[in-house]
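The structure appears below as structure tokens.
Below, the structure written as structure tokens:
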């Protein structure tokens, strides 16, 4: 394997980790390695280190919050530095220069110092800081009091300054499922002209005059759930609820805080196959009393049908409106236009797939003034933005490249005819009909992690693609108010964040603002994970993951491997951005090599990569995961894949148990928390999204159905008040395991919701792996 694919990265000042990993690559004969099995004293030290690692260590300048001035021509930010120091920075964006925001020596001379003490200019902590747009004054709190500073002469006056966090502008993601705002009981009841209002009582819609002139209209149709005024103040779009089963699930709170009897808690919870709430569409003409039932068939609303009303967008100047919805089984996503005059519907979008249309990645933006809408679609196998005609629904253009996975639509600017989006890029690609210039190349370079998010602008005809972000890492950006500049922050799991000021037009680097200071990590010898890549089941596709080793890694020992597993198709999960210490590193400190990767069936690598999951959640990418770990062991003989453990929560809990049932030849120990062990017993929308409508494949892939296949060591944990995955899913697996006469451990967590177990669960998880993978007794906990 080439070092391009198995590369080791290190940032400036962090070379100690690189040397550790390089040393581990030395050719060590397997026969020379002894299994790692710590003594009781060493194990106790490992537990202590797992708890303490990173304590007292800080990475400075991890985040940078721009505070824009002059519409973005200037900005300021604050750095918290080692030794309790603070750095206040002013940036001239157009000139590409940094300078101090304050003369801290002058400021410390006018600020009141504590009695008997002298202020250190470098350690002035100014809270709730705000700066005037013309840089004439600044207000802040210091030592509990508010002040206003005049920059011209550094005069200081006490002032009322509210406590507030510093922050910059946020970023909207636009319309998701449905559009507009649903209007129902107590919402949006006043007509646009301010003369009428409606209310819904006992399922009937009643319109009255606001000035008290009496009832204008009362619907004959009952079971009206939601309504929305048209701009003419005479028509209402309304939806009639056709109730589903409304079946409930129950929870037992065994240990209520006040004592006494256990408490039974019930709530409505739709399961796959249940009859769901659906909605019929109506048009009410208040002026004539006419009620039109649309010819659009009843539809259900994605998510929680009893709590999520249909939402609409008014269309063609208020003469019609749009509704969008998924068909049952998520094989189709539709946008329908309903005409007020007739109630007739016209299909503008009928997005259909042989597998599923992904509701969790929907981007849909209506543009009434342009008579068009934008929709993210995977019709060619990639998540791309399509521009559709608002009258016919015909494709007017494809806006983002094939081979890329569009992740967000940030903004649209009709004046310039451009839009901004983010994407991760799984292979080389260019915009339709254009070739990016050398200053704005396509991403997806050989060797770059294809999951890294980059940011782009392009024309609304799909031309003129410009890449805004360049660094080899996972990117997030913040726009200046005038959209002339961006602050780009990027990092990797093995690179602390870098902050840059770039042009919002060309992506050209204007100024390197800051690089995070991780020197304390180096001094504390805190390890960084390694990015590792190996081929998947098809022998062609790269599977990307990360490897965590103990900070006291001994290259002459063989360490059990533990996989942190989550295979939900709604995203990808192996970390891509920097964090100082996480739970996987803490687990590794006990004497394990801990890994996480994204196998086939997960998102952000194209539709074919993910379609593996369709009606096949039990697959969980195991074929890819096992090959990945075998490749890891081939390169690093210290990875002992004869001792492999796995843990996960929720869908990860389902998969962790599934590893023991369907792949016992490889996985030997598992800890499974709050798992969905049978997809018939979990929330309707998530399971029907990937498994389709109910069929025999649900039972065939159930952990409960396959409980008798258990080999190895399994621990199950569940919160008794789990409101996400009903806990009976775990209870019934326990029942099936008992009936199959299987040995396992079961931990019920009273009073806890959907959880990995908290501190107690983490201790149980660690102990279980130590006992059954390291093969040594755990400490005697007092």
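Residue numbers (the numbering used here): 7 to 788. Heads up, the beta-carbon is just placed ideally off N, CA and C, and yes, glycines get one too. Only a predicted model underlies this, so the values are computations on that prediction, with no experimental measurement involved.
- Taking a contact as a CB-CB distance under 8 Å, the pair residue 202 and residue 239 counts as one, their CB atoms being some 6 Å apart.
- Every alpha helix (DSSP H) stretch that sits fully inside the stretch 616-686 and reaches 4 residues is listed by chain position as 628-641 and 657-668.
- One alpha carbon belongs to residue 157, the other to residue 236, and they sit about 53 Å apart.
- With contacts defined as CB atoms closer than 9 Å, residue 551 and residue 580 qualify as a contacting pair.
- For residue 104, the enclosing beta strand (DSSP E) starts and ends at 103-106.
- DSSP, reduced to helix, strand and coil, places residue 736 within a helical segment of the structure shown.
- As computed with DSSP, residue 63 is found in no beta bridge at all.
- For residue 591, the enclosing alpha helix (DSSP H) begins and ends at 589-594.
- Put simply, of 210, 373 and 217 the residue whose alpha carbon is nearest the alpha carbon of residue 196 is 217.
- For the pair residue 738 and residue 279, the CB atoms are not nearer than the 9 Å cut-off.
- Around the C-beta of residue 88, fewer than 16 other C-beta atoms lie within 10 Å, and the residue is accordingly described as exposed.
- Three or more Cβ pairs drawn from the stretch 503-515 and the stretch 62-81 lie within less than 8 Å of each other, which places the two stretches in contact.
- Straight-line spacing of the CA atoms in residue 753 and residue 721 works out to 8 Å.
- Listed as beta-bridge partners of residue 144 by DSSP are 137 and 155.
- The DSSP assignment places complete beta strand (DSSP E) segments of no fewer than 3 residues inside the stretch 527-605 at 536-541, 548-554, 563-570 and 599-603, in order along the chain.
- With fewer than 16 other Cβ atoms inside 10 Å of its own Cβ, residue 531 counts as exposed.
- Within the stretch 196-220, the complete beta strand (DSSP E) segments at least 3 residues long are 202-207 and 210-215, listed from N- to C-terminus.
- With a beta-carbon spacing of about 7 Å, residue 598 and residue 775 fall inside the 8 Å limit used to define contacts.
- Assigned with DSSP and collapsed to three states, residue 744 falls in helix.
- Judged by DSSP secondary structure, residue 403 falls within the beta strand (DSSP E) whose first and last residues are 401-404.
- Taking C-beta separations shorter than 7 Å and ignoring five residues to either side along the sequence, the partners of residue 734 in its chain run 687, following chain order.
- Remark: fewer than three beta-carbon pairs, one from each stretch, lie closer than 8 Å, so the stretch 605-623 and the stretch 555-563 are not flagged as touching.
- The C-alpha of residue 675 is placed about 23 Å away from the C-alpha of residue 57.
- Out of 545, 495 and 644, the CA that lies nearest to the CA of residue 584 is found in 495.
- Within the DSSP bridge table, the entry for residue 259 names 269 as partners.
- Going by beta carbons, residue 95 and residue 107 fall inside the 9 Å limit.
- Counting C-beta atoms within 10 angstroms of its own C-beta, residue 348 has fewer than 16 neighbours from the protein chains shown and is therefore classed as exposed.
- DSSP places residue 57 in the helix class (H, G or I) of the three-state scheme.
- Of the residues assessed, residue 618 falls on the buried side of the cut-off, its CB having 16 or more other CB atoms within 10 angstroms.
- Closest in C-alpha terms to residue 605, from the list 641, 588 and 658, comes 658.
- Here residue 417 carries a strand assignment [DSSP, helix/strand/coil].
- Within the same chain, 250 and 251 come within 6 Å of residue 281 by CB-CB distance, once the 5 residues on both sides are set aside.
- For residue 505, the uninterrupted beta strand (DSSP E) run begins and ends at 501-509, by DSSP.
- Pairwise C-beta distances place the stretch 411-428 in contact with the stretch 451-464, as three or more of them are shorter than 8 Å.
- Around residue 346, the same chain offers 236, 241, 289, 325 and 326 as residues with beta carbons nearer than 7 Å, after the five sequence neighbours per side are excluded.
- Listed in chain order, the non-local C-beta contacts of residue 535 below 7 Å within the same chain comprise 499, 500, 552, 553 and 554, local neighbours out to five positions each way being set aside.
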